[in-house]
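J.: The structure under discussion is supplied below as structure tokens; questions concerning it will follow.
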Amino acid sequence: MNLTVGAGMSEVMSSDQTDAEAIAGSLDHPEAFALVFEAHFAAVHRYLERRVGRESADNLAAEVFRIAFQRRGTYVPDHPNARPWLFGIATNLVMKDRRRERRRLRAMARIEGRTTETGDPLGRIEEVMDARGVWLRLGPALAALDDRDRDVVVLVAWEGLSYEAVASALAIPLGTVRSRLHRARRQLRALMHAEKPEPLTLERQERGDAS
Amino acid sequence: MNDPIDILSRHRPAAPGPDPLVVEAARGELLGLIEAAGAERHAPTPKRRTRRRLVPVVIGVLVATTGAAYQVFHSDPETSTSLACSPTPDLDDIAVIPSASGDPLVDCRAAWLDTFGVPAPELSAYVNDKGGIVVVPAGSGAPAGATPLPDGFRQDAAIVQLTHELGDMWRGIGEAACRDVEGSETIARRQLARLGLAGWEVVMRGAKPDGVRECALARIDPDRRRVVLSSMPAPHPPPSSPFHRFVAFSRTLSEAMVEGPDARCLGDGEAHEVIRQAAASAQLEDMIIVRASYPEDRAPDGKGTCVRAAVNVGGSGFVYLESVTVEAFEQHRLA
């Protein structure tokens with residue numbers, strides 16, 4: 000493939016670069032933005048997949064990078080890691096399809112956790128059984144949260160972002176992140192304990208964690 | 000331990016990550032943008048923001064920049080094919096949208112509710128110091144460095160329509176998947192003739208190595224009055240990808256109302272019904288956005304004209320409707 004995109008790439012693309020440097024370099028050498036794509040596409044896709052499902056993620060992940068590339072001139076250069084910024088763009092895209100996300104969360108409850116990850120291979124059967132019980136409550140509870148509170152919750156709980164990174168991703172003050180998490184925690188507790196779904200209990204999961 | 004956040008973190012939904020073919024398709028799309036941007040390096044570059052603005056950002060509004068100043072560049076607003084809409088003249092929140100009608104006020108008004116979540120107020124259009132069009136609420140003041148556009152200002156409708164027709168040629172309407180650069184040249188020349196863009200040229204870039212399937216990516220360069228066709232890797236999305244449904248949707252619309260022996264001259268209502276049915280059939284009801292760009296002197300019911308559609312896909316599927324005479328429709332349908 001003989002494309003002009005390759006011209007000058009070697010001089011501006013270096014694995015030692017931070018995302019901020021690559022993005023800054025891409026203003027004069029657009030091809031430098033490819034580094035950001037290679038570093039974060041899979042993570043952005045997984046984030047979207049958790050929220051809106053694989054099929055939508057296939058489409059939206061590319062959209063995130065299209066938007067990011069077009070808006071690279073607005074990137075705040077004192078954030079070396081671009082992942083929160085990209086997650087923020089992805090969250091805005093999820094915002095356009097809240098109904099799909101809520102349907103997906105409720106559906107996940109119906110299939111009783113079979114699609115959740117279990118971190119520890121030991122005691123796997125028990126973990127899966129626990130996950131089934133947890134998701135019977137988690138799915139509807141998460142779906143019932145205020146959309147903006149849910150954004151904060153999943154970025155912290157599923158993607159492991161720090162509070163500061165969430166604030167950066169969503170362009171909200173740190174205090175707002177804390178207050179949304181606090182509210183979400185309170186509501187999740189209430190919602191998860193509101194009904195007793197049949198087969199397994201949350202307490203069983205909690206006992207397993209404590210042991 | 001009964002912290003629901005902790006419980007959630009230990010039970011996050013599985014996400015195996017993208018299929019390599021999805022990565023390849025996304026990479027190809029990004030490379031297209033990079034290539035186009037590289038060709039425009041002579042243009043002014045966006046101003047870098049060195050400090051995060053402290054102005055609170057309205058959350059939950061739009062897919063837009065987060066509290067950032069944004070520059071919309073274009074050397075000549077009349078030949079631009081996009082514009083920026085913003086609820087505030089300081090452009091803290093902004094949406095850059097493709098032009099549809101050529102009237103910036105009409106286009107922003109049509110996109111306002113979807114984008115900002117509230118009905119559009121009365122709007123005013125400005126041109127910034129880089130030639131980009133910016134629309135903000137009337138009476139809110141001009142964006143920095145911008146001057147009002149004259150009453151009755153219109154973007155060049157032919158160039159806007161050319162962008163709709165060729166912008167997604169590699170996966171757009173009538174193209175079941177993609178077309179190579181040489182094949183695309185024919186289409187580009189046909190569209191230039193149809194839209195009366197005399198004096199424009201078609202420039203081809205990139206070469207196809209043996210055995211590599213390629214698609215053409217079209218870029219409209221109104222300043223130099225040319226269409227640049229670049230060779231890009233063909234996308235290979237997995238069977239579950241929405242890509243295939245968009246292709247099916249585009250093909251249905253093309254065969255029903257654009258070209259070929261079965262295409263019919265449709266009025267407004269019939270066209271919308273065809274689009275609705277095609278979207279339902281492709282399970283894309285929630286992902287299709289329709290924008291009309293009819294001439295101002297068109298009869299209210301479109302009498303004596305046919306509705307023509309172009310499809311662009313970018314997250315959602317945008318269907319741009321154009322009104323053409325019956326003669327022009329027949330001529331193109333059988334070309």
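As you go down the protein sequences, you meet chains G and A in turn. Heads up: the first sequence begins at 0 in numbering that gives the first Met the number 0, then just goes up one per residue. Heads up: the second sequence begins at 0 in numbering that gives the first Met the number 0, then just goes up one per residue. Glycine included, each C-beta is placed from N, C-alpha and C at the ideal position. All figures in this text were calculated on a predicted structure; none of them were measured in a lab.
Identify whether Tyr319 of chain A lies in helix, strand or coil by the three-state DSSP scheme.
T.: Here residue 319 of chain A refers to the residue found at position 320 of the second sequence. Looking at Tyr319 of chain A - three-state DSSP - the assignment turns out to be strand.
J.: Kindly list the residues whose CB is nearer than 7 Å to the CB of Glu146 of chain A, restricted to its own chain and excluding five residues on each side of it in sequence; keep chain order.
T.: Within the second sequence, numbered from 1, the residue matching residue 146 of chain A stands at position 147. In the sequence on display, residue 146 of chain A carries Thr and not Glu. Correct list, in chain order: Tyr125 and Val126.
J.: Among residues of its own chain, excluding the 5 on either side of His163 of chain A, which ones have a beta-carbon nearer than 7 Å to its beta-carbon?
T.: Position 164 of the second sequence, counting from 1, holds the residue named residue 163 of chain A. Excluding the 5 residues flanking it on each side, His163 of chain A has same chain C-beta neighbours closer than 7 Å at Ala309, Asn311 and Tyr319, in chain order.
J.: What does the Cβ neighbour count give for Gln276 of chain A, buried or exposed, with the cut at 16 atoms within 10 Å?
T.: Walking along the second sequence from the start, residue 276 of chain A turns up at place 277. Burial call: exposed.
J.: Spatial neighbours of Ala21 of chain G within its chain, please: C-beta separation below 6 Å, excluding the five flanking residues on both sides.
T.: Here residue 21 of chain G corresponds to residue number 22 of the first sequence, with the count starting at 1. Here Ala21 of chain G has Ala31, Leu34 and Val35 as same chain residues with Cβ atoms under 6 Å from its own Cβ, once five neighbours each way along the sequence are excluded.
J.: Pick out whichever of A:Glu329, A:Glu284 and A:Ser85 has its Cα sitting closest to the Cα of Ala141 of chain A.
T.: The residue you call residue 141 of chain A lines up with position 142 of the second sequence. For Ala141 of chain A, the nearest C-alpha among the options comes from A:Ser85.
J.: Nearest to Ala217 of chain A by CA position, among A:Gly195, A:Ala262, A:Leu161 and A:Ala255, is which residue?
T.: Against the second sequence, residue 217 of chain A aligns to sequence position 218. Ranking the options by Cα distance to Ala217 of chain A, first place goes to A:Leu161.
J.: How big is the Cα-Cα spacing for Ile66 of chain G and Val105 of chain A?
T.: For the purposes of this step, residue 66 of chain G is taken as the residue at position 67 of the first sequence. For the purposes of this step, residue 105 of chain A is taken as the residue at position 106 of the second sequence. In a straight line, the C-alpha of Ile66 of chain G is about 24 Å away from that of Val105 of chain A.
J.: Please report the Cβ distance between Ala278 of chain A and Phe317 of chain A, rounded to the nearest whole angstrom; I am assuming they are in contact, meaning their Cβ atoms lie under 8 Å.
T.: Translated into the one-based positions of the second sequence, residue 278 of chain A becomes position 279. Translated into the one-based positions of the second sequence, residue 317 of chain A becomes position 318. The Cβ separation is near 12 Å, so there is no contact.
J.: Strictly under 9 Å for the Cβ-Cβ distance: is Arg218 of chain A near chain G by that measure?
T.: Walking along the second sequence from the start, residue 218 of chain A turns up at place 219. It does not; no Cβ of chain G falls within 9 Å.
J.: Determine the chain G residues that contact Ser8 of chain A at a beta-carbon separation under 9 Å, and present them in chain order.
T.: Walking along the second sequence from the start, residue 8 of chain A turns up at place 9. Ordered by position in chain G, the residues that pass the 9 Å Cβ test against Ser8 of chain A are Val155, Ala156, Trp157 and Gly159.
J.: From Val151 of chain G to Asp2 of chain A, what distance separates their C-alpha atoms?
T.: Counting from one through the first sequence, the residue named residue 151 of chain G turns up at place 152. Counting from one through the second sequence, the residue named residue 2 of chain A turns up at place 3. C-alpha separation (whole angstroms): 15 Å.
J.: Measuring only between beta-carbons, confirm whether Asp18 of chain G sits less than 9 Å from chain A.
T.: Residue numbering aside, residue 18 of chain G sits at position 19 when the first sequence is read from its first letter. Chain A, which has no Cβ nearer than 9 Å to the Cβ of Asp18 of chain G, makes this no.
J.: Three-state secondary structure (DSSP) at Pro12 of chain A?
T.: For the purposes of this step, residue 12 of chain A is taken as residue 13 along the second sequence, with counting starting at 1. Collapsing the DSSP output to three states places Pro12 of chain A in a strand.
J.: Just the C-alpha distance for Ser292 of chain A and Arg179 of chain G, rounded to the nearest angstrom, thanks.
T.: Here residue 292 of chain A refers to the residue found at position 293 when the second sequence is read from its first residue. Here residue 179 of chain G refers to the residue found at position 180 when the first sequence is read from its first residue. Taken atom to atom, the span from the alpha-carbon of Ser292 of chain A to that of Arg179 of chain G is near 43 Å.
J.: Quick check: what's the CA-CA separation for Val21 of chain A versus Phe115 of chain A?
T.: Here residue 21 of chain A corresponds to residue number 22 of the second sequence, with the count starting at 1. Here residue 115 of chain A corresponds to residue number 116 of the second sequence, with the count starting at 1. Each residue's Cα considered, the two are about 30 Å apart.
J.: Tell me where the alpha helix (DSSP H) around Val134 of chain A begins and ends.
T.: Stepping through the second sequence from its first residue, residue 134 of chain A is reached at position 135. Taken as a continuous stretch (DSSP letters only), Val134 of chain A belongs to no alpha helix (DSSP H), being part of the beta strand (DSSP E) at Ile132 to Pro136.
J.: Counting C-beta neighbours from all protein chains within 10 Å, is the total for Glu125 of chain G 16 or more, i.e. buried, or is it exposed?
T.: Numbered from its first residue, the first sequence carries residue 125 of chain G at position 126. Note on Glu125 of chain G: pLDDT 36, under 50, position unreliable in the model; the coordinate value appears next. With fewer than 16 neighbouring CB atoms inside 10 Å of its own CB, Glu125 of chain G falls in the exposed class.
J.: Nearest to Arg229 of chain G by CA position, among G:Arg97, G:His28 and G:His78, is which residue?
T.: Any question about residue 229 of chain G goes unanswered here, given that chain G covers just 0 to 210.
J.: Using 8 Å as the cut-off, can you tell me whether the segment 136-144 of chain G makes contact with the segment 36-50 of chain G, which would need three or more C-beta pairs spanning the two stretches below that distance?
T.: The segment 136-144 of chain G, when compared against the segment 36-50 of chain G, does not touch it at the 8 Å Cβ threshold.
J.: The alpha helix (DSSP H) with Ala89 of chain G in it runs from where to where?
T.: Numbered from its first residue, the first sequence carries residue 89 of chain G at position 90. Start and end: Arg82 to Met94.
J.: Give a yes or no on whether 9 Å exceeds the smallest Cβ distance from His44 of chain G to chain A.
T.: Here the question's residue 44 of chain G lines up with position 45 in the first sequence. Yes, because at least one Cβ of chain A sits closer than 9 Å to the Cβ of His44 of chain G.
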